[in-house]
Amino acid sequence: MNNNEKRSKKDDNNKSSHNRRAFGQWLFFIAIALFVILILRFSYIAIGGTVEHINLSSQARRLYTDNKVLKAQRGSILDASGQPIAEDTSTYSIYAVLNKSQVGANKKPLYVTNKAKTAKILAKYLPISKKEALKALNPTNKNSFQVEFGTAGKNISVATKEKIESYKLTGINFIQSEARLYPNGTFASNLIGITASVQKKSSDITQLKGVMGIESAFNKKLTGTDGERSIQKDKFGYQLPSSQEKKAAVDGENIYTTLDTRLQTLLESEMTKVQAQVHAKSMTATIMNAKTGAILATSQRPTFNPTTKSGISKAWSNSIVQDTFEPGSTMKVFTAAAAIDSGHFNAKEKYKSGTYKIDGQVVPDWQTSGWGLITYEEGFARSSNVAMAHLERKMGAKTWKKYIKKFKFLQSTNSGLSGEAKGSMQFSYPIDQADTAFGQGIDVTTMQMLQGFTAIANNGKMVKPQYIKKIVNSNTGKVTYRMKTKTVAHPISSSTAKEVRKLMQDVVYKSYGIGSDFKLSGYRVAAKTGTAQVVGSNGTYLNTDDSYLYSVVGMVPASNPKYIMYITMKQPTLPATKTATQLLDEIFSPVMKQALGENSTTAKNQLTGKAKIANMVGETADTATKQLGKESIAATVLGTGNTVTRQSVAANTEMLAGQRVILVTSGQMQMPNMSGWSRNDVLKLTKLVGLQADFSGTGFVKSQSIKAGATIQSGQTLTVKLKQK
């Protein structure tokens, strides 16, 4: 090959190489361009483009973000000493996955692999037999993805769920549901109220909402704010670093009521006993602190059990604020007060009892033949309608109406409870005006009467009835509201109030007084009974034997009342062997005695004071028991071990002297003798050891199905009978 040929070939090779380099560069630039286009495209998507009416940014976040709601806990409602009346809990539903394609990491089965074992465990802890559980796990449809277990698999407690989970059964799953626990059963139910599960707006999340009583009135404070956990993931489902965003849940506030558990429990028991005898259309009973207005116990019939909802269809109203009634002769307390305060009452002046004509209309005494010429003070003790009608005429309608307003009848007490009524009055004619003086023709609420009575008890100072002691932020422990006594008026003078209480003592202690049933040994009682005709559906007064509302108000001690108790009993069927006042006293005396510290359950060795519970975990059982004993706290030890591993009350909790703490050690646990225990103490024990509790009655433990000394086995049902001491 000559030199020219060699150069020509070399040039050709160089040209070919140049062409290849140019083609490669061209491909490189095309690739770069495509890459840039893709980057721009995905940048557009990330920024928030829309394709076929789908927001791609939003869609991407849904695909690669796992959002989990952190549920806030609803605040608790507690008694004055901090014992729970209503608190949040969780119940669970159980289901079993059968589809064998469901596997997790490392091919771990997420379906039921051992049906016989699963059925055996479920039968141990759920109200279902092994045979029934196996039948559910072997459905006729062989392609069933998952199965449930009917009612046996619903409303499962936390303790039962944890016991089942401890066996690590494959394919068994739980769905959590919010629930509200009312550990005391029927316990001021209409005041406390209930909740219902409602769906939040624009969400499939449900939450509890109060629909009655305190649960409803303070729903905003009780309801917390849900939080959210947001975890960014890649397309393979792996969590990206530093991608977690968390908004903390804020629990609802805790509401401490003014209720005294011992008084409330006793009141419920006595109300039930009397109602069983008379089957009244309705009953109310309330005891309050005369000085502060704090309601210590209140109950009504009909009522309901908030846990089981038994009886709720007949007890939707909160009687103390929503129901109005003609009070009858207990209204005479205010008539006498108005007449004395306005200078129109002369205790020794006499009038003719029996009947009194006003504009051709007759005002009759309950004994229409009367008692002849008697003094006004005797007329009050005998509950004479004629005496009150004369006093109203002496005052004049204008003055009497002024005092009705001074005592704040016909207006709301602003209790904060929903549906509070104002009452009404017929006052157009002289006979109407006279009727109101003995409690007919005027409608009132229990709350209005209680408020008015405080002016009589407090030497003229009228205070507002209250049922909330304090509200506490459950996250910080800060008290956001604390009850203060609220003086709402001074309708009468101090001397007037004292003279009225003297007249009320005559009702109980004078030979002609009609309230002798309300005497209390060791205390002077000021009382006034009442009997009012009930208006029928046609607007006229009923005239049958069971067409009356009977009532009583009592103040003790009479000279300087600490407690006021007011009871009403509408349209009872009175037994032949008892009077209405005797039946009312069956509620009044035991509850008032307990309030005064004279009841057998509280009179002896009554402990006072408070103690802050220390952390006992790690202490020897003996040391912990002695330490609690020094604080007057009862200690019950479960287990044969020497060292405390758990305690029923959290460290730093403040408790009243005389209350109980349960300490758990290792080793075999034996059932203690629970005679005299409270319902709450029993619930603390069952929660600690995984028992199911079944109660009957009210009060304190009388008997227990698992005998003292028997070995405690998780999952057992402990049946407990309660009875008032």
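Position 708 of the sequence shown, counted from 1, bears residue number 709 in the numbering used here, the numbering being contiguous throughout.
The C-beta atom is built at its ideal place from N, Cα and C for all residues, glycine as well.
Check whether leucine 267 and valine 592 have beta carbons under 9 Å apart: Leucine 267 places its beta carbon less than 9 Å from that of valine 592.
Can you list, in chain order, the residues of its chain with a C-beta nearer than 8 Å to that of threonine 497? Leave out the 5 residues immediately preceding and following it. Excluding sequence neighbours, threonine 497 sits near Ala338, Ile341, Asp342 and Gly461.
Who are the Cβ neighbours of isoleucine 432 in its own chain at under 8 Å, not counting the five residues just before and after it? Closer than 8 Å at the Cβ level, and outside the excluded window around isoleucine 432, lie Ile359, Asp360, Gln362 and Val364.
Could you tell me which residues DSSP puts in a beta bridge with glutamate 655? For glutamate 655, which the question treats as bridged, DSSP gives the partners Lys613.
For leucine 39, count neighbouring Cβ atoms within 10 angstroms of its own Cβ and tell me buried if that reaches 16, exposed if not. Since pLDDT at leucine 39 reaches only 46, below the 50 mark, its modelled position is unreliable, and the value read off the structure follows with that caveat. By the neighbour-count criterion, in which 16 or more other beta carbons inside 10 Å mark a residue as buried, leucine 39 falls on the exposed side.
What are the boundary residues of the beta strand (DSSP E) that includes alanine 180? In the DSSP annotation of this structure, the continuous segment of the beta strand (DSSP E) that includes alanine 180 starts and ends at 173 to 182.
What would DSSP say about alanine 298, mapped onto helix, strand or coil? Alanine 298 falls in the strand class under three-state DSSP.
Please give me, in chain order, every unbroken run of the alpha helix (DSSP H) with length at least 4 that falls completely inside the region 356 to 418. You should have 377 to 382, 386 to 396 and 398 to 407.
Would you mind reading off the limits of the beta strand (DSSP E) that contains methionine 505? Counting along the chain, methionine 505 falls outside any beta strand (DSSP E), though it belongs to the alpha helix (DSSP H) covering 495 to 510.
Taking the C-alpha atoms as reference points, what is the distance between threonine 446 and serine 217? Cα to Cα, threonine 446 sits roughly 20 Å from serine 217.
Extent of the continuous beta strand (DSSP E) run through threonine 92: Going by DSSP, threonine 92 is part of the beta strand (DSSP E) stretching over 85 to 98.
Is the distance from the Cβ of threonine 761 to the Cβ of alanine 422 below 9 Å? In the structure as shown, the chain begins at 2 and stops at 726. Residue 761 is therefore absent and cannot be evaluated.
According to DSSP, glutamine 200 sits in a beta bridge with which residue or residues? Answer by DSSP bridge pairing, in chain order: Thr207.
Assign tyrosine 257 to one of three DSSP states: helix, strand, or coil. Correct three-state label for tyrosine 257: strand.
Contact set for tyrosine 352: own chain, Cβ-Cβ below 6 Å, skip 5 residues either direction: Excluding residues within five positions, the ones whose Cβ falls inside 6 Å are His391.
At a cut-off of 8 Å, would you count valine 275 as near the ligand SAM, judging by its Cβ distance to the nearest heavy atom? The ligand SAM is not among the ligands present in this structure, which contains no ligands whatsoever.
Given 8 Å, three or more beta-carbon pairs between the region 439 to 453 and the region 267 to 284: At 8 Å Cβ cutoff, the stretches do not touch.
Whose CA, out of Ala435, Lys395, Thr414 and Ile472, lies closest to the CA of glycine 253? The residue among Ala435, Lys395, Thr414 and Ile472 with its C-alpha nearest the C-alpha of glycine 253 is Ile472.
Please return the same chain residues whose Cβ sits closer than 7 Å to the Cβ of threonine 304, not counting the five positions on each side in sequence. Around threonine 304: Thr187, Ser190, Asn191, Gly312 and Ala316.
Methionine 426 by DSSP, collapsed to three states: which one? DSSP places methionine 426 in strand when its eight states are reduced to three.
Give the DSSP-derived three-state secondary structure of serine 517 in the structure shown. It is helical.
Check the C-beta distance from glycine 76 over to glutamate 655 and give it rounded, since I have them as a contact under 8 Å. Not really, about 18 Å apart at Cβ, beyond 8 Å.
Status (buried if at least 16 other CB within 10 Å, exposed otherwise) for alanine 604: Reliability of the predicted coordinates at alanine 604 is poor, the pLDDT of 37 falling under 50, and the value obtained from them is presented with this limitation in mind. Around the beta carbon of alanine 604, a 10 Å sphere encloses fewer than 16 other beta carbons of the protein chains shown; the residue is thus reported as exposed.
For the candidate residues Lys131, Ser679 and Asp547, whose alpha-carbon lies nearest to that of glutamine 660? Cα-wise, what sits closest to glutamine 660 is Ser679.
Using three-state DSSP, classify glycine 537 as helix, strand or coil. In this structure, glycine 537 counts as coil in the three-state DSSP scheme.
Where do the N-terminal and C-terminal ends of the alpha helix (DSSP H) with tyrosine 126 fall, by residue? From DSSP, the alpha helix (DSSP H) with tyrosine 126 extends over 116 to 126.
Just to confirm my understanding: we take glycine 710, look at its own chain, exclude 5 residues before and 5 after, and list those with CB closer than 7 Å. What are they? Same-chain partners within the cutoff: Gln671 and Met672.
Aspartate 227 beta carbon less than 9 Å from that of glutamine 208: With respect to aspartate 227, glutamine 208 sits close: the two C-beta atoms are nearer than 9 Å.
How many angstroms separate the CA atom of glycine 50 from the CA atom of leucine 111? For glycine 50, the predicted structure reports a pLDDT of 40, less than 50, and the residue's modelled location is therefore unreliable. The matter cannot be settled from this model.
Just to confirm, is the Cβ distance from tyrosine 93 to lysine 164 under 9 Å? No; because the gap between Cβ atoms is not below 9 Å, this pair is not in contact.
Quick one: using the 10 Å Cβ neighbour count with 16 as the cut-off for buried, is glutamine 265 buried or exposed? Burial call: buried.
Assuming glutamate 327 contacts glutamine 434 (C-beta within less than 8 Å), just tell me the rounded distance between them. Their Cβ separation, rounded to whole angstroms, is 15 Å, which puts glutamate 327 and glutamine 434 out of contact at 8 Å.
Could you pull out every residue in the same chain whose Cβ sits closer than 8 Å to the Cβ of lysine 708, ignoring the five residues on either side in sequence? Result list for lysine 708: Met672, in chain order.
Which listed residue (Thr569, Thr718, Leu223 and Ala490) has its alpha carbon closest to that of asparagine 476: That would be Leu223, whose Cα lies nearest to the Cα of asparagine 476.
As assigned by DSSP and simplified to three states, the class of glutamine 276: Note: glutamine 276 maps to helix in three-state DSSP.
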